[in-house]
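Working notes, structure below.
Numbering (the working numbering), first residue to last: 620 to 1172.
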């Protein structure tokens, strides 16, 4: 294994050197859990803002409740430089602060004592970043619906929630709960995360400058409450003249989950048909991963003008009510899967976003297996294999707000998990391990090492070499093989070639899914004899393992 690890190290360090060219001081401020961030633990956000579509602006405040994890007199929060801070205060008394780009450093006159609870309020306003290509680059989307009514949404994964509200913008710290109060022009609905607790109309009177007259504008205020931890980029606002319809999902234990759907009124009939996919999906996910993890907050789909995002308990949907070639709506299935991986089980650093995307993409395959059968699921995942780039490792540099340059954390990641399932070679053990993983780390942060260790423990196998191969290198093992006719039998000769593992890596060979047998290639030629199966040709099971197979004769 030393030879393999040496090769892997060279590959990883070479690619890592390329990464390092692009990182800036701003990346480190955003991505590093410095002492000015680790000194406090956020327990609650109280976000209160007004959205004005007519000039594409927002204004309001966020009160950050926190516990000091060590005694300190300076802390970092984050808010994009383009947003104006009008005041920062504690117990009504103004605090001094200074900016370093998008980072805001707050100075306290008195030390914040370790173990004690505190709160600060940040008042702010401005015109937040406008998304050019949501959700891939973040920001607000200001649109009109077909009736020329305002349709406002936000998406900010990667770029960060601090583009529109002040917070501790680091994945490692999620509030235990959150209140979101949003005021919008009357006639519009604001849908945020969690449950709607209160709604009221009010009139805002504003004096005109240099005039004795005043203007009045009517608003509606919506108060939403999230009763679970939530990562910052999942906090969302969706504002439109929505139609709302409801349903419920009954779990295997008889408990009921509220389902809420918010769609443009013109699409109500289409949504009522398309969203029927939700309940079978929830049943499949419950089968493999346990009950929906944010039960008390309910499940919602909210129509957006962009493709989709996994906003917790308010999943953004913009797939135009279309199914793929396998007969399901990809956005519903994928983004809802993130409620388990990404929202409930979350990484600490953007370098480990494979945890969110690899598992969720793998959930798509399991969804197909659940409803359409195993062979159809193999067909589905084979379609994803050709989308792999395999140029850089799935795990990037830590502490710099890293962004993966391609989609391998989706497609190579799902193939990694598919491969490990077949290495384990016992579905009962594999699926019990996955369900135990989601239960163990439910609504908490987790690292790559914790996942590997946990799954290794539950399966009884050391899975580290396999995970490290696919996560930390761009090596795809290559097996060279030849077939020798021996009458009623065929001899398979096989070996690893090139940059291939020198640890035990079982794969399979045979004629089809029903006849595969385990083989364990080595650098030296190995052989195994198979009885012939009609005119079928013996093959390496590359539909079950992320390996390459090269037939030499």
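We treat Cβ as the ideally placed atom computed from N, Cα and C, and that holds for glycine.
Contact between residue 1118 and residue 1128 does not hold, since their C-beta atoms are separated by about 21 Å, which reaches or exceeds 8 Å. Residue 1034 counts as buried, since no fewer than 16 other beta carbons sit within 10 angstroms of its beta carbon. Closest in alpha carbon position to residue 1020, among 1055, 967 and 1031, is 967. Distance from the CA of residue 1124 to the CA of residue 847, rounded to the nearest whole angstrom, comes to 41 Å.
Counting along the chain, no beta strand (DSSP E) covers residue 1047; the unbroken alpha helix (DSSP H) around it starts and ends at 1046-1059. Residue 780 sits away from residue 868, with the two beta carbons spaced by 7 Å or more. Bridge pairing for residue 658: absent [DSSP].
Straight through space, the alpha carbons of residue 672 and residue 771 are spaced by roughly 7 Å.
In terms of CA proximity to residue 878, 933 leads the group 933, 744, 884 and 924.
Apart from sequence neighbours up to five positions away, the residues of its chain that approach residue 713 with a beta-carbon distance below 8 Å are 706 and 707, ordered along the chain. CA-to-CA, the gap between residue 897 and residue 730 works out to about 50 Å. Residue 1076: member of the alpha helix (DSSP H) spanning 1067-1078, first to last residue. Your pair residue 1095 and residue 990 does not check out as a contact, with CB atoms roughly 30 Å apart and the cut at 8 Å. If you look at residue 761, you'll find it in the beta strand (DSSP E) that goes 758-763.
Within the same chain, 1042 and 1043 come within 8 Å of residue 1080 by CB-CB distance, once the 5 residues on both sides are set aside. In the DSSP assignment, residue 1115 falls within the unbroken beta strand (DSSP E) covering 1108-1116.
When secondary structure is reduced to three states using DSSP, residue 750 falls in the coil class, being assigned neither helix nor strand. Per DSSP, reduced to three states, the secondary structure at residue 993 is helical. Using a Cβ distance threshold of 7 Å, residue 839 and residue 805 count as a contacting pair.
Secondary structure of residue 1120 (DSSP, three-state): coil.
Residue 893 sits buried, since 16 or more C-beta atoms from the chains shown fall within 10 Å of its C-beta. Taken through DSSP and simplified to helix, strand or coil, residue 744 comes out as strand. Contact between the region 1067-1076 and the region 1138-1146 is absent: fewer than three C-beta pairs spanning the two stretches fall below 8 Å. In the structure shown, residue 931 adopts coil according to DSSP, grouped into three states. Taken in chain order, the whole alpha helix (DSSP H) runs of length 4 or more contained in the region 908-956 are 949-956. Separation of residue 748 and residue 782 (C-alpha to C-alpha, rounded to the nearest whole angstrom) is 6 Å.
Just measuring C-alpha positions, the residue of 1012, 1016, 643 and 652 sitting nearest residue 1025 is 1012. In the three-state DSSP reduction, residue 644 falls in the helix class (H, G or I).
With respect to the C-alpha of residue 982, the residue from 908, 1028 and 1022 having the closest C-alpha is 908. Around the beta-carbon of residue 895, fewer than 16 other beta-carbon atoms lie within 10 Å, marking it exposed.
DSSP links residue 786 through a beta bridge to 697. Taken atom to atom, the span from the alpha-carbon of residue 816 to that of residue 822 is near 20 Å. Here residue 1102 is bridged, per DSSP, to 1111. Counted as a single uninterrupted DSSP element, the beta strand (DSSP E) harbouring residue 717 occupies residues 715-719. For residue 797, the three-state secondary structure derived from DSSP is strand. Between residue 929 and residue 961, the gap from beta carbon to beta carbon is short of 7 Å.
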